[in-house]
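In terms of numbering that gives the first Met the number 0, the sequence shown is numbered consecutively and its last residue is 235.
Every residue, glycine too, gets a C-beta built ideally from N, C-alpha and C.
Right, one structure below, let's go through it.
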Amino acid sequence: MRTVLQRVKSASVTVDGQLISSIGKGLLVLVAVEKDDTEKDATSMAGKIIKARLWDDEDKEPVAKWKKGVAEIGGEVLCVSQFTLLASLKKGNKPSFHQSAGGLAAKTMYKSFFEKVQELYEPDKVKDGIFAAMMDVALVNDGPVGLDYTCLDGEVLPQHPIDASSVARRKHADHATQVTIVIDTAPAKMENPTSLDPTGIYNESSSSSTTIDINDLVGNMTKITKEFQIPAELLE
């Protein structure tokens, strides 16, 4: 789940010329639902939005920066579904939305998220747009101040463009397998590995094997051990 939080002085949603919702001071939250999102993600993201401290405490002297959340200032929240937050332009100029959840699944998860925001705050102060509608969204950004968040396996993280690949890799972090690779830096010396005599002619007698006690061989080796974390799917 990805969200964009905008600290606003006012915001509104209009559909076909009709005002659907409007708020004063508070947060405009754009929300995109991903294919793998869960109820845990919705709950974590809702909690982050209510707790995000985007306002100063002006009662302090000097003014304390970034100390109050939307509930502490008595602000309002306007949630708007926007699947285009998940757009990818990796394969050209036409945006791809393959990470977005399908219509019904997205609507169900978005509704769950919206209801959780209401539960964590005052329901009448949490407003909504119209899911999947062509909306005109107006806002007066206060600052401007805006934050991007991604929720992955219940953990809410700031979203940065350079982190796109690392965020994807985190999905497999819990399935990593530890592999130990042992490198022999002092292998047993072979008297004549080529089986050739000094003149370059094959010498059958020089290829005869010698019995070596494996325990003695291992005991005399110098080893370097390095541990690697490798995703389990690479070992399948």
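Original post:
Just curious, the beta strand (DSSP E) that residue 75 is in, first and last residue?
Top reply: Along the sequence shown, read from residue 1 onward, the residue named residue 75 stands at position 76. Element bounds for residue 75: 75 to 80.
**OP:** Decide if residue 12 is buried, meaning its Cβ has at least 16 other Cβ atoms within 10 Å, or exposed.
**Re:** Residue 12 sits at position 13 when you count from the first residue of the sequence shown. Classification for residue 12: buried.
Original post:
residue 127 and residue 20 look like a contact to me (Cβ under 8 Å); what is the Cβ gap, rounded to whole Å?
Top reply: Locating residue 127 in the sequence shown gives position 128, counting from the first residue. Locating residue 20 in the sequence shown gives position 21, counting from the first residue. Residue 127 to residue 20, Cβ: 6 Å. Contact.
Original post:
Looking only at its own chain, which residues have a Cβ that is under 6 Å from the Cβ of residue 63, when we skip the five neighbours before and after it?
Top reply: Counting from 1 along the sequence shown, the entry for residue 63 is found at position 64. A distance below 6 Å between beta-carbons, with the five flanking residues on each side excluded, links residue 63 to the following residues of its chain, in chain order: 56.
Original post:
Buried or exposed: which applies to residue 133, given that a residue is buried once 16 or more other Cβ atoms fall within 10 Å of its Cβ?
Top reply: Taking the sequence shown and counting its residues from 1, one reaches residue 133 at position 134. Exposed is the call here.
Original post:
Which one or two residues does DSSP pair with residue 22 in a beta bridge?
Top reply: Translated into positions along the sequence shown, residue 22 becomes position 23. In the DSSP output, where bridge partners are listed per residue, residue 22 has 10.
Original post:
When the Cα atoms are used, what is the spatial distance from residue 58 to residue 16?
Top reply: Position 59 of the sequence shown, counting from 1, holds the residue named residue 58. Position 17 of the sequence shown, counting from 1, holds the residue named residue 16. Those two C-alpha atoms are separated by around 41 Å.
**OP:** Note down the Cα distance separating residue 236 from residue 143, rounded to an integer number of angstroms.
**Re:** Because the chain in this structure spans residues 0 to 235, residue 236 falls outside the shown range and cannot be described.
**OP:** Find the nearest neighbour of residue 45 within the set 30, 35, 34 and 66, judged by alpha-carbon distance.
**Re:** On the sequence shown, residue 45 is found 46 positions in, with the first residue counted as 1. Comparing Cα positions, the closest option is 30.
Original post:
From residue 38 to residue 104, what distance separates their C-alpha atoms?
Top reply: If you number the sequence shown from 1, residue 38 lands on position 39. If you number the sequence shown from 1, residue 104 lands on position 105. Taking the straight line joining both Cα atoms gives about 12 Å.
Original post:
Quick one: what's got a C-beta closer than 8 Å to residue 66's C-beta in the same chain, skipping five residues either side?
Top reply: Walking along the sequence shown from the start, residue 66 turns up at place 67. Closer than 8 Å at the Cβ level, and outside the excluded window around residue 66, lie 52, 54, 55, 56 and 59.
Original post:
Looking at the unbroken alpha helix (DSSP H) that takes in residue 37, where does it start and where does it end?
Top reply: Stepping through the sequence shown from its first residue, residue 37 is reached at position 38. Here residue 37 belongs to no alpha helix (DSSP H), and DSSP marks it neither H nor E.
Original post:
What are the residues that DSSP puts in a beta bridge with residue 145?
Top reply: As a first step, residue 145 must be located in the sequence shown, where it is residue number 146. Answer is 5, bridged to residue 145.
Original post:
Using a Cβ-Cβ cut-off of 6 Å (strictly less than) and excluding sequence neighbours within five positions of residue 120, which residues of its own chain qualify?
Top reply: On the sequence shown, position 121 is the one that residue 120 refers to. The residues 49 and 70, in chain order, have a CB closer than 6 Å to that of residue 120 in the same chain once the five nearest residues on each side in sequence are set aside.
**OP:** Give me the Cα-Cα distance between residue 14 and residue 77, rounded to the nearest whole angstrom.
**Re:** In the sequence shown, counting from the first residue as 1, residue 14 sits at position 15. In the sequence shown, counting from the first residue as 1, residue 77 sits at position 78. Each residue's CA atom was taken as its position, placing residue 14 and residue 77 some 15 Å apart.
**OP:** Give the range of the alpha helix (DSSP H) segment to which residue 104 is assigned.
**Re:** One-based indexing of the sequence shown puts residue 104 at position 105. Where residue 104 is concerned, the enclosing alpha helix (DSSP H) stretches over 102 to 119.
Subject >> Reduced DSSP secondary structure (H/G/I, E/B, other) of residue 123 >> reply: The residue given as residue 123 occupies position 124 in the sequence shown. Three-state result, residue 123: helix.
**OP:** Determine the contact status of residue 98 and residue 88, defining contact as a CB-CB distance below 8 Å.
**Re:** Within the sequence shown, the letter at position 99 stands for residue 98. Within the sequence shown, the letter at position 89 stands for residue 88. Cβ atoms of residue 98 and residue 88: not closer than 8 Å.
Subject >> Secondary structure of residue 84, DSSP reduced to three states >> reply: The residue given as residue 84 occupies position 85 in the sequence shown. In the structure shown, residue 84 sits in a helix (DSSP, three-state: H, G or I).
Original post:
Who does residue 30 pair with in a DSSP beta bridge?
Top reply: Mapped onto the sequence shown, residue 30 falls at position 31. The partner list for residue 30 (beta bridge, DSSP) reads 2 and 80.
Subject >> Residue environment, residue 25, which counts as buried when at least 16 other CB atoms sit within 10 Å >> reply: Here residue 25 refers to the residue found at position 26 of the sequence shown. Under this definition residue 25 is a buried residue.
Original post:
Since residue 15 is in the beta strand (DSSP E), which residue starts that stretch and which ends it?
Top reply: As a working note, residue 15 is residue 16 in the sequence shown. Where residue 15 is concerned, there is no enclosing beta strand (DSSP E), given that its DSSP letter is neither H nor E.
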